[in-house]
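Participant:
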Amino acid sequence: MNEVPERVRATSSPRYAQVATYMRLPLVPKAVGYDVAVIGAPYDGGTSYRPGARLAPRAIRHESCLIHGTGIDRGPNIFDVLDVVDAGDLDLSPFSMELAIETATQALTELLQDNDAFLMFGGDHSLSLPGMRAAYAKHGPLAVLHLDAHSDTFPPVYGGLHHHGTPFRWGLDEGLIDPHSMIQIGIRGHNPSPDSLDYPRGRGVTVVTAQECEGPDAVERLTQLIREVAGDRPLYVSVDVDVVDPAFAPGTGTPAPGGLTSRELLGLLNAVGDLNPVAFDVMEVCPPFDHSGITALLAAEVGAELLYQYLRAHRGDSTVRPTFSRTNVTNGATFPTESKGKP
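So, in structure tokens, the structure goes:
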């Protein structure tokens, strides 16, 4: 086990004190030999509407100081079991998208070769392509769980190869993704490209629209579908915060009404602990349009949930967060539904 520097604890230092790292983890810029390295990707050169996602890693770290490695519905402290550090930020050119993609690919590939997994906070969604390239270089073809309002399989536009709507199109075209092991959830809204859904579906990707996420047992039903689609392939999880309704996550670049609730999103992540996750990203927080930091706080909580699910997957912890999705038909009351962990 790698020797991990001491993390800052709320019992010894107030949560508003000290330099803000993710969940107050030790800052280790040249991380080697850890279970998970947290990395920021402050870049938004691929945005097509509201800019500002480059400011998200700093905002997410700030809000994450509120979050602990334990919870009332979790098992042991995550950081008593996993070696996790904050590896700082990627330094990406704000003036050349091609250079930014190339730099991110190289840096994330090295990070994943030196550590078991990474948790990346963007930045815009174009940087999921470097993330998947890095995971593919280590693990081969990937299963992908993609939670988003948009399919991000759009064609290139405006004379450039990349933007925040293209990462999964390129991921499929480059063979990084096993399309039959990919599932997209929460897709909705207005699509400027007529083939935005035909493209992934035509290649065997499972696409679940936001309308299909409705119903009292939706979370339970969809977590089972995630397990079935992903199987035992190495899993890349990508969360665009706009999968959540703007009522819960206003601070994003391309908001789309009619999305999931925060609770539903966290509930869907229960499936990850039953699979083989190898890398994560949480993208598209846009702090200039956030209110009271609630979107950045949600992104920080999603990151903590992903770490917890990584612990379940790779350390055999069977404790599962309850998902509130089943309605008692006798009196209409809602009770927690426990998803089953690994045997």
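To convert, note that position 288 of the sequence shown is 288 in full-length UniProt numbering; the numbers rise steadily by one, no gaps.
Glycine is no exception: its CB is placed at the ideal position from the N, C-alpha and C atoms.
As the structure is a prediction and not an experimental result, all values here were calculated from the model.
#1: Between which two residues does the alpha helix (DSSP H) containing residue 350 stretch?
#2: Hey, how far is the Cα of residue 208 from the Cα of residue 233?
#3: Using the rule of at least 16 other Cβ atoms within 10 Å of the residue's Cβ for burial, across every protein chain shown, is residue 320 buried or exposed?
#4: Can you list the alpha helix (DSSP H) stretches of 4 or more residues lying completely in the region 168-217, in chain order?
#5: So, for residue 117: in the same chain, excluding its five sequence neighbours on each side, which residues have a beta-carbon less than 6 angstroms away from its beta-carbon?
#6: Just tell me which of 248, 107, 81 has its CA closest to the CA of residue 295.
#7: Which partner residues of residue 84 appear in the DSSP bridge assignment?
#8: Rounded to a whole number of angstroms, what is the C-alpha to C-alpha distance between residue 20 and residue 180?
#9: Could you give the distance in angstroms between the alpha-carbon of residue 178 and the alpha-carbon of residue 142?
#10: Helix, strand or coil: which one does DSSP assign to residue 25?
#11: Count the other CB atoms within 10 Å of the CB of residue 211; is the residue buried (16 or more) or exposed (fewer)?
#12: Tell me whether residue 122 sits in a helix, a strand or coil according to DSSP, three-state version.
#13: Which runs of the alpha helix (DSSP H) spanning at least 4 residues fall entirely within the region 250-280, listed in chain order?
#14: Answer yes if the region 256-269 comes into contact with the region 77-97, meaning at least three C-beta pairs across the two stretches below 8 angstroms, and no otherwise.
#15: Can you tell me whether DSSP reads residue 242 as helix, strand or coil?
#16: Under 8 angstroms Cβ to Cβ from residue 315, same chain only, skipping five residues before and after it: list those, please.
#17: Note down the Cα distance separating residue 72 from residue 54, rounded to an integer number of angstroms.
#18: Have a look at residue 151 and residue 196 and give me their C-alpha separation to the nearest angstrom.
#19: Just confirm the distance between the C-beta atoms of residue 18 and residue 8, as a whole number of angstroms; I'd bet it's less than 8 angstroms.
#20: Exposed or buried, what is residue 228 when buried is set at 16 or more other beta-carbons lying within 10 Å of its beta-carbon?
#21: How big is the Cα-Cα spacing for residue 92 and residue 10?
#22: Please list the terminal residues of the continuous beta strand (DSSP E) segment that includes residue 143.
#23: Give the secondary structure of residue 16 by DSSP, where H, G and I count as helix, E and B as strand, and everything else as coil.
#24: How should residue 334 be labelled, buried or exposed, when 16 other C-beta atoms within 10 angstroms of its C-beta is the threshold for buried?
#25: Taking 7 angstroms as the limit between beta carbons, can you name the residues of its chain near residue 79, skipping five residues before and five after?
#26: Residue 308 by DSSP, collapsed to three states: which one?
#27: Rounded to whole angstroms, what is the Cα-Cα separation between residue 332 and residue 187?
#28: By Cβ distance below 7 angstroms, which residues in the same chain neighbour residue 154 in space, the five residues on each side in sequence not counted?
#29: In whole angstroms, what separates the C-alpha of residue 270 from that of residue 66?
#30: On the three-state DSSP scale, how would you describe residue 247?
#31: Identify the continuous alpha helix (DSSP H) that holds residue 104 and give its terminal residues.
Facilitator: On the basis of the coordinates in this document:
#1: For residue 350 there is no data in the structure shown, the boundaries of the chain being 1 and 343.
#2: When the Cα atoms are used, residue 208 and residue 233 turn out to be separated by approximately 20 angstroms.
#3: Note that residue 320 scores a pLDDT of 49, beneath 50, so its modelled location is shaky and nothing firm can be said.
#4: Here the runs fully enclosed are 198-202.
#5: Taken in chain order, the residues that qualify are 36, 278, 279.
#6: Comparing Cα-Cα distances from residue 295 to each of 248, 107, 81, the minimum goes to 248.
#7: For residue 84, which the question treats as bridged, DSSP gives the partners 36.
#8: When rounded, the distance between both Cα atoms is 40 angstroms.
#9: Distance between the alpha carbons of residue 178 and residue 142: 6 angstroms.
#10: Coil at residue 25, not helix or strand.
#11: Burial call: exposed.
#12: Looking at residue 122 - three-state DSSP - the assignment turns out to be strand.
#13: Secondary structure within the region 250-280: the alpha helix (DSSP H) runs of 4 or more consecutive residues, fully enclosed, are 262-268 (chain order).
#14: Taking 8 angstroms as the limit for Cβ pairs, the verdict is that the region 256-269 does not touch the region 77-97.
#15: Under the three-state reduction of DSSP output, residue 242 falls in the helix class.
#16: Correct list, in chain order: 81, 82.
#17: In a straight line, the C-alpha of residue 72 is about 33 angstroms away from that of residue 54.
#18: Rounded to whole angstroms, residue 151 to residue 196 spans 6 angstroms at the Cα level.
#19: 5 angstroms between Cβ atoms; contact.
#20: By the neighbour-count rule (16 or more Cβ atoms within 10 Å), residue 228 is not buried but exposed.
#21: Approximately 33 angstroms, taken between the alpha carbons.
#22: Judged by DSSP secondary structure, residue 143 falls within the beta strand (DSSP E) whose first and last residues are 142-147.
#23: Under the three-state reduction of DSSP, residue 16 is assigned to coil, being neither helix nor strand.
#24: With a pLDDT of 36 at residue 334, under the threshold of 50, the modelled position of this residue cannot be trusted; read the value that follows with caution. Its Cβ having fewer than 16 others within 10 Å, residue 334 is exposed.
#25: Same-chain partners within the cutoff: 7, 69.
#26: Under the three-state reduction of DSSP, residue 308 is assigned to helix.
#27: Only weak support exists for where residue 332 lies, its pLDDT of 39 falling under 50; the value from the coordinates is given anyway. Taking the straight line joining both Cα atoms gives about 29 angstroms.
#28: Excluding residues within five positions, the ones whose Cβ falls inside 7 angstroms are 165, 166, 169, 193, 196.
#29: Just so you know, the alpha carbons of residue 270 and residue 66 end up roughly 22 angstroms apart.
#30: Here residue 247 carries a coil assignment [DSSP, helix/strand/coil].
#31: 97-114 is the extent of the alpha helix (DSSP H) around residue 104.
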